[in-house]
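Visitor:
There are 2 protein chains.
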Amino acid sequence: MSPPKQFSDTIREWAEVFMHRSMRDFKRFMNDSGLSFTQVNLLMRLYHGGKIGVSELGGHLGITNAAASQAIDRLVKDGLIERSEDPQDRRAKRLTLTEEGHALIARGIETRGQWIAGLTEAFTPEQQAMIVSALTLLTEAARKTDE
Amino acid sequence: MSPPKQFSDTIREWAEVFMHRSMRDFKRFMNDSGLSFTQVNLLMRLYHGGKIGVSELGGHLGITNAAASQAIDRLVKDGLIERSEDPQDRRAKRLTLTEEGHALIARGIETRGQWIAGLTEAFTPEQQAMIVSALTLLTEAARKTDE
DNA sequence: TTAATTAGTTAAGAGCGCTTATCTATAATC
DNA sequence: GATTATAGATAAGCGCTCTTAACTAATTAA
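Line order of the protein sequences matches chains H and W.
Note that the working numbering has the first sequence beginning at 1, numbered continuously upward.
Note that the working numbering has the second sequence beginning at 1001, numbered continuously upward.
#1: Can you pull the DSSP bridge partners for R150 of chain H?
#2: Using a Cβ-Cβ cut-off of less than 7 Å, give me the residues of the segment 1089 to 1107 of chain W that come near chain H, in sequence order.
#3: Determine whether the Cβ of I1072 of chain W lies closer than 9 Å to any Cβ atom of chain H.
#4: Below 9 Å between beta carbons is the criterion; list the residues of the segment 1050 to 1066 of chain W that meet it against any residue of chain H, in chain order.
#5: Could you name the residues of chain H that E1016 of chain W contacts, counting a contact when the two beta carbons are closer than 7 Å?
#6: Within its chain, find whatever has a CB closer than 7 Å to the CB of E1100 of chain W; leave out the 5 residues flanking it on each side and keep chain order.
#7: Whose Cβ in chain W lies nearer than 7 Å to the Cβ of I81 of chain H?
#8: Roughly how many angstroms lie between the CA atoms of G49 of chain H and H60 of chain H, to the nearest whole one?
#9: On a Cα-Cα basis, can you pick out the residue from W:A1141, W:R1091, W:A1117 that is closest to T145 of chain H?
#10: For the putative contact between R1112 of chain W and M19 of chain H, defined by C-beta atoms under 8 Å, what is the C-beta separation to the nearest angstrom?
#11: Compute the distance between the beta-carbons of L138 of chain H and A1141 of chain W, then report whether it is under 9 Å.
#12: Assign N50 of chain H to one of three DSSP states: helix, strand, or coil.
#13: Mind checking whether F1026 of chain W and F37 of chain H have CB atoms under 9 Å apart?
#14: Can you name the residues of chain H whose CB is closer than 9 Å to the CB of Q1127 of chain W?
#15: For chain H, find out if any of its Cβ atoms is closer than 9 Å to the Cβ of L1075 of chain W; answer yes or no.
#16: Can you tell me whether E1121 of chain W is buried or exposed? The criterion is at least 16 other CB atoms within 10 Å of its CB, across all chains shown.
#17: From L1046 of chain W to E1085 of chain W, what does the alpha carbon distance come to, in whole angstroms?
#18: I'd like to know whether the C-beta of S33 of chain H is nearer than 9 Å to at least one C-beta of chain W.
#19: Rounded to whole angstroms, what's the CA-CA distance from T96 of chain H to G53 of chain H? Just pull it up for me.
#20: According to DSSP, simplified to helix, strand and coil, what is L1042 of chain W?
This is the structure we're talking about:
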């Protein structure tokens, strides 16, 4: 097999397996936490950081600011988000994860991490080191494209 | 930093960045295709292969057979799934992706693959080779745990 | 200071996706 | 052949999530 073909095949297979797995993980997380896809998405965005308002958050999620406001409402009631006035601009709201909300997402990420860690257990230390190097490169590159 | 700490940190960071990115990808795919999370999940399961019935499919998705039946109904109407009688057991249904359904999911996987491929472009050939090796190992290991 | 803009909320209504309960049809068991 | 079990579809109903439209309040521009 020629090198470029091997390269794209590898990536495609990886994408297939991991997309499939990711769906299962998300579904499980949604069921366990009782949250919708949009809600998890929203919490994730807040976890990822950066000041963000209601409308902008809705924009990222591809929904109207009305829908975002309602979704946030429910998450505030659930105690996962805190919504307070922005002292700089009293029209705007500051959205932050509560301790509980932060812990919830952290747990989700941790669970996913454990799965990967479990995958690598059977490998030799050399292989594990290689995987760590590769994932480090990919993570850095992904962070850069995150704008 | 001690080696084991570095290992778990690498995995956790990777999980964080890629979970975040995966959510965005799924959301975009859902919006573009006009499908719900459950529907994409369902199509993905069929794409992944293996004979599977309505109830079992629902079980995998964590929903009742009634819900699965309804979801399938909509996908059949959309022309993404074919539902035919199983000649072996006429109570059961054979569920298969139509050409259109298959192409839709393949396109989603392809898009994701392109993103990864784009990430690696900036790397040296040696780094790319390492990433390919690492992903190959991870893909194989993940396939094994997929039962 | 008045007018226009911006951030967010609220209200009404539509549709989706889920549940339980009921139903039909086929298959397996006695 | 009669009973029981299984696969799936259908119905009624509930709650969630989205939309558009109208609203309040704060900020910016004229």
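Note that beta-carbon positions come from the ideal geometry of N, C-alpha and C, so glycine has one too.
Guide: On the basis of the data shown:
#1: The first residue shown for chain H is 1 and the last is 147, placing residue 150 of chain H beyond what the model contains.
#2: none
#3: no
#4: H1060, L1061, G1062
#5: I109
#6: G1079, L1080
#7: Correct list: empty, because the minimum Cβ distance to chain W is about 17 Å.
#8: Rounded to whole angstroms, G49 of chain H to H60 of chain H spans 13 Å at the Cα level.
#9: Ranked by Cα distance from T145 of chain H, the options W:A1141, W:R1091, W:A1117 are led by W:A1117.
#10: 6 Å
#11: no
#12: Reading off the sequence, residue 50 of chain H comes out as Gly, not Asn. G50 of chain H: coil per DSSP, three-state reduction.
#13: yes
#14: Residues of chain H passing the Cβ test: S133, A134, L137.
#15: no
#16: exposed
#17: 16 Å
#18: no
#19: 10 Å
#20: helix
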